[in-house]
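Residue numbers for the sequence shown, in my numbering: 47 to 748.
Presented below is the structure to which this report refers.
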Amino acid sequence: MSIHKALFAGAAIAALLGAAPSAVAQSEPETVVVTATRTATPIGDLPQSISVVSGEQIQNMPAAGLDDVLRSVPGMVLSGIGPDVGHPTAYNEAMRGLPTTETRMLVMVDGVPINDPFFGYLQWNRVPLDNIARVEIVRGGGSPLWGNTAMGGVVNVITRLPDANMLEVSAAGGSYGSYDTSLYGSAVAADGLKLSLNATARGTDGYQTTPKSWTSYGALSLRSPLYTPTSNRSRNVGFRADFTPRDDLSGFIAVNYGADTQVLSTPIGLDRQRIWTYDGGLTKSFGASTTLTATFFHNDNRFVTNNPHLLTFTTEYNSNTHLTKAHDNGASLILTEDMDGWLKSVSAGADYHAVTGHDVANYYLPSGALAAPTIIGGGDQLFLAGFAQARLVPMAALEIGASLRYQIYKSTKGVDTFPPGFAAIPDRKKYRFTPRVDAKYSFDDNWALRGAYYQSFRAPTLDQLYRTYADTTAGIYEGDPFLSPETLEGEEVGIDYDLPGLRSQFTLYNSDIQNLITQRNLDPSEYPGILGVTCGFDSVTFTYLACTRNINAASAVARGFEAEVNWEIGGGFSSVWTYTYADSHYTKNPIDPSAVGHRLEGVPRHNASASLTYADPAGWQATTVLRYISQSYGDAHPADGLIQNARFVVDVSASYDITRNVQAFLSVQNLFDKRYIASNSGSAPILGTPLRVMSGVRLKME
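Have a look at this one:
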């Protein structure tokens with residue numbers, strides 16, 4: 047499907063919508079205010095490509111985690127595996143056709159980033175679904191406002207705010223020994239003080255995630271009988287206090303704790319994570335039009351992973367263990383002035399973000415003796431920035447948004463002792479301006495034309511810079527302390543069509559990416575033989591092992607078409623339709639010229655979903671979600687056979703209000719038990735979620 051055909055399809059859909067306005071329910075929807083743009087603005091006044099998923103929609107979805115919720119949002123490029131079956135570092139996610147070799151979007155909870163500070167991956171289990179008020183998704187380069195990582199866009203999760211004394215408890219169980227329990231409570235403790243508490247406990251005995259056999263790099267690999275279902279246990283507890291001591295002063299403080307324990311693929315593949323997050327903020331009003339907001343956050347991460355290796359096809363040993371500690375500190379200050387003229391608002395601010403992290407690795411021989419001295423990789427990163435944005439309405443029909451960021455990026459105190467190691471890694475500093483301009487012209491109350499131009503960037507993670515990983519069942523992946531940030535320059539044009547009860551957006555986008563971090567194969571002379579890794583096909587374990595080093599070598603283009611229609615049909619029915627067409631491919635790679643013209647890793651060409659929800663006044667609710675994702679690849683060489691299968695999946699959910707305070711619910715994922723490879727990056731591929739049934743009850747007391 048060409049980009050011209052995609053545009054024609056979007057125009058045809060829009061024409062059909064315009065031809066039948068009488069079919070749309072005429073009730074006026076609640077105004078949605080979006081904060082992912084760093085100013086609280088009604089969604090109808092924003093010129094960007096934006097999606098919002100409400101907490102009510104999420105509660106009715108057949109979803110195991112936030113990633114399952116986002117699969118139905120246009121522009122998302124997500125790992126096909128569920129939130130608790132892959133190694134934590136497997137959850138590299140992106141937007142707007144960017145590759146999933148690393149995370150290239152920013153995900154936040156109440157403005158606090160949850161991207162792992164050392165690796166960049168996303169731990170979806172950190173976000174309890176029952177604690178979400180709404181999720182805001184802003185597509186396209188987000189670095190002008192949010193800085194590093196927001197290369198493809200921004201996802202901001204807004205949690206529930208306490209407004210009354212209440213308690214909500216839910217408990218569910220189902221397939222594969224899975225359980226999911228949650229608690230949310232809130233209290234108005236005093237005038238100007240509201241408290242809330244949320245807690246979740248979930249787990250699963252898991253399913254067999256590894257196929258019996260697979261072919262990659264032209265070699266047949268077989269699943270060892272040691273492979274077992276991947277089990278997972280996660281716990282989250284959060285406390286928040288919102289206070290308003292005066293009419294012109296408000297604030298909050300929050301503490302969150304998360305723990306995750308996983309036994310991955312084999313009996314000794316134990317991984318443990320522990321994350322503490324502290325954040326808070328103050329907003330001071332100066333009159334009716336000026337506000338000053340200060341926020342801070344601190345993340346304290348501890349990650350222990352045990353990586354077993356096949357010694358033979360039927361025996362294993364714990365080849366290496368890693369202890370990764372990272373501290374993530376951030377603060378911001380924003381001054382906003384609202385105005386009455388054609389210049390509607392102006393804001394200016396400053397951001398501070400500092401990351402410190404180290405990975406300590408021990409590699410072992412089958413005897414249990416150390417194969418090499420303890421290996422350390424890590425360092426510090428500092429991001430300092432000033433930014434400004436303005437909203438202009440020079441005429442009633444025209445809205446313009448403009449933002450600009452000046453970013454300073456430093457990498458310091460780098461260390462990488464993986465053999466042969468680096469002597470002294472020099473400190474590095476980079477500077478960058480990143481602008482964004484959005485415009486929206488409304489022809490009438492229904493039709494509007496949008497356009498945008500932006501630049502964005504993503505700095506290499508500490509993992510990419512300083513950490514090398516070696517695995518006798520996966521290969522060698524070496525860091526490079528001399529990597530530079532990836533950069534993106536993009537533009538888009540879109541059409542909005544709105545009616546009472548209907549909101550739709552159709553967008554064409556184009557992005558050019560430079561300095562894309564990819565890998566080059568190690569020369570045989572560079573193989574670190576002391577760790578016993580066999581690069582290439584290993585005839586003992588029947589697997590193919592890749593041995594690579596990170597490098598800024600590639601340029602790429604990511605372009606495509608997105609469509610989203612939210613329709614309150616009437617009579618209790620509502621529906622959401624989305625479609626994404628992505629033409630993402632390499633345009634230059636002097637290290638690997640054979641990759642030029644091939645698709646970016648993990649990016650399917652087509653991604654479509656449709657949902658239909660019915661809510662009966664008697665208390666019944668039912669939702670059906672249909673999703674189709676076309677085939678993608680785990681690397682830039684289709685001939686390598688790292689296929690991530692196309693699939694058509696049906697999910698359903700239902701609930702019934704037994705009483706005013708008690709609800710029973712049912713959730714079914716992959717109703718027809720479609721089996722497919724969801725993730726395939728060169729080691730053992732991972733199968734997607736099979737048929738999964740969960741049922742439970744929810745109790746609410748006020």
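Note that beta-carbon positions come from the ideal geometry of N, C-alpha and C, so glycine has one too.
Just so it is clear, the structure is predicted and the values come from calculations on it, not from any experiment.
For V611, the closest C-alpha among the options G547, R84 and A661 is that of G547.
Between D294 and K330, the C-beta gap is smaller than 8 Å, which places the two residues in contact. Residue ranges of uninterrupted beta strand (DSSP E) with 3 or more members, entirely inside the segment 237 to 298 and ordered along the chain, are 239 to 250, 259 to 262, 265 to 268 and 277 to 292.
Secondary structure in the segment 538 to 605: the beta strand (DSSP E) runs of 3 residues or longer, each lying completely within the stretch, are 548 to 567 and 582 to 584 in chain order. Spanning the alpha carbons of T633 and M151 requires a straight line of approximately 22 Å.
Per DSSP, the beta bridge partners of H344 are Y324 and N375.
A Cβ-Cβ contact shorter than 8 Å links R172 with G304. In the three-state reduction of the DSSP assignment, Y222 falls in the helix class, which pools H, G and I. Look at S621 here: in three-state DSSP terms it is strand. Shown here, E535 sits in a strand according to DSSP, grouped into three states.
When the Cα atoms are used, D558 and A245 turn out to be separated by approximately 42 Å. Cβ contact annotation for I454 (same chain, cutoff 8 Å, sequence separation greater than five): L428, F429, L430, A431, K475, K476 and Y477, in chain order.
Approximately 12 Å separates the beta-carbon atoms of S727 and G687; this is outside 8 Å, ruling out the contact.
Inclusion of G252 and P271 in the CB contact set at 8 Å is not warranted, their separation being larger than that value. Between the segment 117 to 127 and the segment 308 to 322 there are fewer than three inter-stretch CB-CB distances shorter than 8 Å, so the stretches are not counted as touching. Collapsing the DSSP output to three states places G157 in coil. The beta carbon of D473 sits closer than 6 Å to those of T458, all from its chain and outside the five residues before and after it, given in chain order. Between H652 and S621, the C-beta gap is not smaller than 8 Å, which leaves the two residues out of contact. Q690 has S678 as its beta-bridge partners, per DSSP. In this structure, the CA atom of K371 is about 54 Å from the CA atom of D490. By the C-beta density criterion, S741 is exposed, having fewer than 16 other C-beta atoms within 10 angstroms. Annotated as distal: S224 and V743, with beta-carbon spacing of 8 Å or more. The C-beta distance from P108 to D697 rounds to 4 Å, short enough to fall under 8 Å. By the Cβ test, the segment 722 to 738 is in contact with the segment 256 to 264, since at least three Cβ pairs between them sit closer than 8 Å. Taking 3 residues as the minimum length, the beta strand (DSSP E) runs contained wholly in the segment 93 to 139 are 96 to 100, in order along the chain. Taking C-beta atoms as the reference points, S449 and Y409 fail to come closer than 8 Å.
By the 16-neighbour rule on beta-carbons within 10 angstroms, W666 is exposed. Taking a C-beta distance under 8 Å as the contact criterion, V203 and M154 qualify as a contact pair.
Proximity to Q319 across N278, T87 and R117 peaks at N278, based on C-alpha coordinates. Between G193 and D397, the C-beta spacing is below 8 Å.
Assigned with DSSP and collapsed to three states, W388 falls in coil, not helix or strand. Under the three-state reduction of DSSP output, Y455 falls in the strand class. By the CB criterion at 8 Å, R451 and T195 fall outside the cutoff. E148 and L646 have their C-alpha atoms roughly 12 Å apart. Straight through space, the alpha carbons of S488 and W623 are spaced by roughly 23 Å. In its chain, beyond the 5 residues on either side, L369 and I422 have a beta carbon closer than 6 Å to the beta carbon of V406.
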